[in-house]
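Worksheet for the structure shown next.
There are 2 protein chains.
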Amino acid sequence: MNKQEHAGQIFALFNEIGIISQLSRTLFESRLPHGFLLQHFSVLNHLIRVKNGQTPLVLAQAFQVPKNSMTHTLSGLEKAGLVELKPNPKDGRSKQVWLTEAGHSFRDQAIGKLMPDLLELARDFEGFDFTGLVTQLAEVRAYLDAARD
Amino acid sequence: MNKQEHAGQIFALFNEIGIISQLSRTLFESRLPHGFLLQHFSVLNHLIRVKNGQTPLVLAQAFQVPKNSMTHTLSGLEKAGLVELKPNPKDGRSKQVWLTEAGHSFRDQAIGKLMPDLLELARDFEGFDFTGLVTQLAEVRAYLDAARD
DNA sequence: ACTATATAGTTCTATATTGAACCAAATGGA
DNA sequence: TCCATTTGGTTCAATATAGAACTATATAGT
Numbered sequence: 054m055n056k057q058e059h060a061g062q063i064f065a066l067f068n069e070i071g072i073i074s075q076l077s078r079t080l081f082e083s084r085l086p087h088g089f090l091l092q093h094f095s096v097l098n099h100l101i102r103v104k105n106g107q108t109p110l111v112l113a114q115a116f117q118v119p120k121n122s123m124t125h126t127l128s129g130l131e132k133a134g135l136v137e138l139k140p141n142p143k144d145g146r147s148k149q150v151w152l153t154e155a156g157h158s159f160r161d162q163a164i165g166k167l168m169p170d171l172l173e174l175a176r177d178f179e180g181f182d183f184t185g186l187v188t189q190l191a192e193v194r195a196y197l198d199a200a201r202d
Numbered sequence: 054m055n056k057q058e059h060a061g062q063i064f065a066l067f068n069e070i071g072i073i074s075q076l077s078r079t080l081f082e083s084r085l086p087h088g089f090l091l092q093h094f095s096v097l098n099h100l101i102r103v104k105n106g107q108t109p110l111v112l113a114q115a116f117q118v119p120k121n122s123m124t125h126t127l128s129g130l131e132k133a134g135l136v137e138l139k140p141n142p143k144d145g146r147s148k149q150v151w152l153t154e155a156g157h158s159f160r161d162q163a164i165g166k167l168m169p170d171l172l173e174l175a176r177d178f179e180g181f182d183f184t185g186l187v188t189q190l191a192e193v194r195a196y197l198d199a200a201r202d
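For the record, the sequence lines run as chains A and B. Numbering-wise (the working numbering), the first sequence opens with residue 54 and increments by one. Numbering-wise (the working numbering), the second sequence opens with residue 54 and increments by one.
This is the structure in structure tokens:
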């Protein structure tokens, strides 16, 4: 396979990834309460899995969205009582985003709603090497992430 | 690995896919002329690679977006002179989307602009099994596509 | 200490996206 | 043929996204 063909395969790869991203997002959002988007869930999940009390800017960078987009997402979460924004004691310009009890249970319930779909997929893909797939994709993701500038 | 762990891997898979989708979209759009989005390119590419003269509804279904979103995308392409919308001789309610010369060359130029990035990636991932990856992802995509209802 | 510059976050504005309502043409019974 | 229903597409309204300008605070250089 020559370089041009390789490039074609990579193009096809990004194409598949884009389609799956859209399909999985739609599926996931259909399991969330009305008015909530994947972005809302993702922030809550990040606060739980990575670190609570992050600043808005760190969150924006983690999700690779502009900081004003994160402001908007956080204001939605705050209005729904799922996070609290407190001043950052280490930096007067900055804030910290803290999960509330309601935020924690919202995230748990969202995962609960999604789990049946994941388990069904796992059953239908018995023997499929998801772990290997994730490993390979993580390599590509790390490359793109580093190339971004 | 039990079912719960499998579900976790699948969750991680969609997570990676979402991130790569966003990164690759941003990269790609940075190579397009100002004011054009991936969606615009994708429609032009589809008309060339799949079939010219498709109806807006068929295009909307192909890209899995609501038909009013496709109306909006097409009006942008039409305003830029990259496609023409003609009445569908087979159905008075419907239209056909035809590529113009300008649309064809726009698509070719976009690919030309992107190619260096793809070739660089191909070089840096010498020996990486992109084809296998695409095959696996296509399976997942087909599954999600069928599950959508 | 003083000033220039950089950083965190918000606001403003413009465009994108999408559900719902709508219109027009087509289809399918009676 | 007539009317009810379905289908293709647009319009309207509400929300999402993001670039640019702005405010306030922090940092660096002198």
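The C-beta atom is built at its ideal place from N, Cα and C for all residues, glycine as well.
Buried versus exposed call for residue i [16 or more other C-beta atoms within 10 Å across all chains shown]
i: residue 210 of chain A; result: With chain A covering only 54 through 202, there is no way to say anything about residue 210 of chain A.
i: residue 96 of chain B; result: buried
i: residue 69 of chain A; result: buried
i: residue 59 of chain A; result: buried
i: residue 188 of chain B; result: exposed
i: residue 186 of chain A; result: buried
i: residue 90 of chain A; result: exposed
i: residue 57 of chain A; result: exposed
Same chain, Cβ closer than 7 angstroms to residue i, five either side skipped, listed in chain order
i: residue 93 of chain B; result: 126, 129 and 130
i: residue 161 of chain A; result: none
i: residue 80 of chain B; result: 170
i: residue 141 of chain B; result: 108, 147, 148 and 149
Contact set for residue i: own chain, Cβ-Cβ below 6 angstroms, skip 5 residues either direction
i: residue 77 of chain B; result: none
i: residue 71 of chain B; result: none
i: residue 203 of chain B; result: Residue 203 of chain B is absent from the structure shown; chain B starts at 54 and stops at 202.
Separation of residue j from residue i, as counted between CA atoms
i: residue 55 of chain A; j: residue 174 of chain B; result: 13 angstroms
i: residue 137 of chain A; j: residue 164 of chain B; result: 45 angstroms
i: residue 168 of chain B; j: residue 182 of chain B; result: 19 angstroms
i: residue 184 of chain A; j: residue 152 of chain B; result: 42 angstroms
i: residue 110 of chain A; j: residue 67 of chain B; result: 24 angstroms
i: residue 106 of chain B; j: residue 115 of chain B; result: 14 angstroms
i: residue 172 of chain A; j: residue 99 of chain B; result: 34 angstroms
i: residue 157 of chain A; j: residue 75 of chain A; result: 26 angstroms
i: residue 194 of chain A; j: residue 200 of chain A; result: 10 angstroms
i: residue 139 of chain B; j: residue 108 of chain B; result: 10 angstroms
i: residue 147 of chain A; j: residue 122 of chain A; result: 16 angstroms
i: residue 86 of chain B; j: residue 145 of chain A; result: 40 angstroms
i: residue 118 of chain A; j: residue 143 of chain B; result: 45 angstroms
i: residue 177 of chain A; j: residue 154 of chain A; result: 35 angstroms
i: residue 61 of chain A; j: residue 133 of chain B; result: 27 angstroms
i: residue 84 of chain B; j: residue 166 of chain B; result: 6 angstroms
i: residue 63 of chain A; j: residue 180 of chain B; result: 13 angstroms
i: residue 197 of chain A; j: residue 124 of chain B; result: 32 angstroms
Where the beta strand (DSSP E) containing residue i begins and where it ends
i: residue 150 of chain A; result: 148-152
i: residue 97 of chain B; result: Looking at the DSSP string, residue 97 of chain B is not in any beta strand (DSSP E); the run it does join, the alpha helix (DSSP H), is 91-102.
i: residue 138 of chain B; result: 136-140
Residue i - containing alpha helix (DSSP H), residue span
i: residue 109 of chain B; result: 109-116
i: residue 186 of chain B; result: 183-200
i: residue 123 of chain B; result: 120-132
i: residue 61 of chain A; result: 56-83
Beta-carbon proximity list for residue i, same chain, < 8 angstroms, skipping 5 on both sides
i: residue 103 of chain A; result: 115
i: residue 135 of chain B; result: 93, 97, 152, 153, 155, 156 and 159
i: residue 101 of chain A; result: 152, 157 and 160
Against chain B, which members of the region 59-91 of chain A pass a CB distance test of less than 8 angstroms?
59, 60, 62, 63, 64, 65, 66, 67, 69, 70, 71, 72, 73, 74, 75, 76, 77, 78, 79, 80, 81 and 91
Quick one, which residues of the region 158-178 of chain B are near chain A if we go by CB-CB under 9 angstroms, in chain order?
164, 167, 168, 170, 171, 172, 173, 174, 175, 176, 177 and 178
Any residues in the region 98-119 of chain B with a beta carbon nearer than 7 angstroms to a beta carbon of chain A? Which ones, in chain order?
117
May I ask you to list, following chain order, the residues of the region 124-145 of chain A that have a beta carbon less than 8 angstroms from some beta carbon of chain B?
Those residues of the region 124-145 of chain A that come within reach of chain B (Cβ to Cβ, closer than 8 angstroms) do not exist; the list is empty.
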